Amino acid sequence: MVLTGHCLCNAVTYSIDVDKPLITAYDHCDDCQRQSGSSYSLVAVVPKAKLTITGETKSWAGKGSSGNAVHRIFCPQCGSPIAHDPDAAPEIIAIKAGTLDSELKKTLKPDTEIWTVSKLPFVQEKLAHPFEHMPQ
1 MVLTGHCLCN AVTYSIDVDK PLITAYDHCD DCQRQSGSSY SLVAVVPKAK
51 LTITGETKSW AGKGSSGNAV HRIFCPQCGS PIAHDPDAAP EIIAIKAGTL
101 DSELKKTLKP DTEIWTVSKL PFVQEKLAHP FEHMPQ
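The UniProt record's numbering puts the sequence shown at residues 1 to 136.
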């Protein structure tokens with residue numbers, strides 16, 4: 001099976017040659033809250049080598065907690081965030097799961113929370129695998 005998705009305006013599309021994400025997580029870090037404009041970002045972590053992106057993207061790099069860059073990839077036309085790509089973990093990439101095709105999004109089963117140290121107090125849901133920071 002292949003996971004597929006796109007930005008809001010369809011200028012950027014992608015496919016991931018995997019049956020399912022390695023993990024599906026709520027990312028509570030402050031940067032993801034700001035990028036998503038929400039309480040957290042739902043991410044589908046996949047092997048970077050399995051991802052193919054079509055269309056022009058832009059990225060902005062900020063410093064992650066490791067001290068290494070985290071590249072935030074987005075569509076320059078509509079601004080939709082597509083993924084974040086941490087230099088500290090070069091083998092994986094975190095797809096913004098809201099950009100997956102609609103039928104695929106409905107099958108996701110988040111069970112992990114990362115950066116719970118930044119979790120907003122009104123977010124009540126607790127998942128089975130919480131991590132105060134990034135899992136090692």
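The beta-carbon is built from N, C-alpha and C at its ideal position, and this holds for glycine as well. Just so we're clear, the structure is a prediction, and the values are computed from it rather than from any experiment.
Discussion item. Only counting the same chain, and skipping five residues up and downstream in sequence, which positions put a Cβ closer than 6 Å to that of His-71?
Written reply: Ser-59, Ala-61, Asp-85
Worksheet item: Leu-108 by DSSP, collapsed to three states: which one?
Response: coil
Fill in: Spatially closest choice to Ala-89 from Ser-65, Glu-56, Ser-39, by CA coordinates
Ser-65
Worksheet item: Heavy atom of the ligand FMN less than 7 Å from the Cβ of Met-134, yes or no?
Response: Summarising the ligand content, the structure contains no ligands, and the ligand FMN is consequently not present.
Worksheet item: DSSP three-state call for residue 138: helix, strand or coil?
Response: Absent from the model: residue 138. The displayed extent of the chain is 1 to 136, so no value can be given.
Practice prompt. Determine the extent of the beta strand (DSSP E) in which Asp-27 is found, giving its start and end residues.
Written response: 23 to 27
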